Amino acid sequence: MTVRIVKTEDGSLTFFSEKFKEPYHSVTAGAFREAVEKFCVPAKVSEKVKDRGRFNLFDFCFGLSYNTVAFLDTVFRENPEARVRIVGVERDIRVIENSLKIPWHRFEKWKWVLREILKNRKVEGGFLTLNCFIPQVSVKVFVGEARDFLKRFAQRYIEFADAIFHDPFSPKVNPELWTYEVFLLERKICKEDGILVTYSTSSAVRRALMMAGFGVRNGVVLGRKTPSTVASPLFETEEKIKRKKAVPYRDPDLRDSPDLIKNRKKGCEYLIGKQAVFECLF
């Protein structure tokens with residue numbers, strides 16, 4: 001695997017995906033800064049682990065592991081006695097392997113986690129899994145297509161997550177991971193007081209989250225002019241967000257191609273004169 005490395009605003013490095021023609025992290029925000037400020041802070045990791053001493057994370061699109069690493073660093077700075085469980089999914093194991101080859105600066109001390117999971121490989125339900133089990137830290141990363149993982153394993157992880165870090169490539173290039181059906185399964189994985197965080201501000205994504213049972217709020221503005229998105233079953237959707245009409249991406253059987261998913265959305269927008277309403281989607 002030939003890796004194209006990109007330097008981001010905070011000095012940390014990320015990769016550029018030749019398949020999706022996008023970097024794995026925000027170049028303007030900084031890769032590790034994004035992981036901390038756009039994911040860990042809005043998910044209230046510090047507050048919850050201080051109060052409860054335990055925290056479960058579902059890392060949807062594990063990538064270079066920066067979100068998980070920032071999470072671990074945040075947790076154990078706040079509460080050295082904490083216990084955490086992390087479940088992740090990542091399509092390309094080579095991204096994880098190559099992440100070890102670049103400097104992580106102040107997070108370098110967490111590389112042992114990647115080394116450990118790469119050493120401990122198992123096969124589970126047709127998926128390769130990477131595993132780390134020590135008294136305070138449990139990590140399991142499923143290697144494979146994220147939709148297949150959700151179809152097979154969402155039932156196992158019902159109400160598992162205190163936080164979901166939803167971090168695929170953008171909806172315009174990776175729409176299959178931003179559908180109502182994906183968020184519906186993530187809603188099952190999320191605890192009632194859990195928080196889903198994503199960088200996307202797309203109205204279509206927010207509509208899908210609302211349909212799936214999340215309340216939606218604006219997140220932080222970091223490295224861009226628009227805010228990220230924070231969602232939870234406990235939230236009341238902000239009125240400005242609620243008023244914006246949009247047609248969400250749909251993938252009824254969680255197996256359609258990206259082009260079909262995008263064309264289905266365009267077709268619905270055309271049929272209703274681009275006036276998206278909830279009822280037209282069923």
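When we follow the UniProt record's numbering, the leftmost residue of the sequence shown carries the number 1, and every step to the right adds one. Each residue gets a CB set at the ideal place from its N, CA and C atoms; glycine is no exception. These numbers come from a predicted model, not from an experiment.
For the set L271, R255, D167, E239, the Cα lying nearest the Cα of K38 is the one of D167. Under the three-state reduction of DSSP output, T74 falls in the helix class.
Under DSSP, E90 forms a beta bridge with V143. For the stretch 79-129, the full-length beta strand (DSSP E) segments reaching 3 residues or more read 83-90, 121-124 along the chain. Within the same chain, and ignoring the five residues on either side of N218 in sequence, the residues whose Cβ sits closer than 6 Å to its Cβ are P227. In the structure shown, D59 falls within a strand segment according to DSSP collapsed to helix, strand and coil. Scanning N174, A246, G194, L185 for the CA closest to the CA of G267 turns up A246.
Looking at the DSSP output, Y249 sits in a beta bridge with T179. For K7, the enclosing beta strand (DSSP E) covers residues 4-7.
Put simply, of P233, S46, R94 the residue whose alpha carbon is nearest the alpha carbon of E78 is S46. By the 16-neighbour rule on beta-carbons within 10 angstroms, T28 is exposed.
Proximity to L184 across E236, L209, V75, V69 peaks at L209, based on C-alpha coordinates.
The beta carbon of G215 is closer than 8 Å to those of A231, S232, P233, L234, F235, E236, T237 in its chain, skipping five residues each way along the sequence. R91 and R207 have their C-alpha atoms spaced approximately 26 Å apart. Excluding five sequence positions before and after V69, the CB atoms of its chain that fall closer than 6 Å to its own CB belong to F107, W110, given in chain order. Between the stretch 159-166 and the stretch 193-202 there are three or more C-beta pairs closer than 8 Å, enough to call the two in contact.
Exclusion of the five residues before and after F15 leaves V3, Y24 as the residues of its chain whose Cβ lies within less than 6 Å of its Cβ. In terms of Cα proximity to V113, the closest of G126, Q136, L128 is Q136. Of S17, P252, N131, L222, the smallest CA-CA separation from V36 is found for L222.
Going by beta carbons, A154 and K188 fall inside the 7 Å limit. Annotation note: the UniProt domain "MnmC-like methyltransferase" (132-232) contains the following uninterrupted alpha helix (DSSP H) runs of length 4 or greater, listed N- to C-terminal: 146-153, 180-189, 203-211. In the structure shown, E22 falls within a strand segment according to DSSP collapsed to helix, strand and coil. DSSP, read as helix, strand or coil, puts L271 in helix. Spanning the alpha carbons of V182 and E18 requires a straight line of approximately 24 Å.
Bridge pairing for L254: absent [DSSP].
Look at F15 here: in three-state DSSP terms it is strand. Approximately 7 Å separates the beta-carbon atoms of L150 and L254; this is inside 8 Å, confirming the contact. Excluding five sequence positions before and after R224, the CB atoms of its chain that fall closer than 7 Å to its own CB belong to T28, given in chain order.
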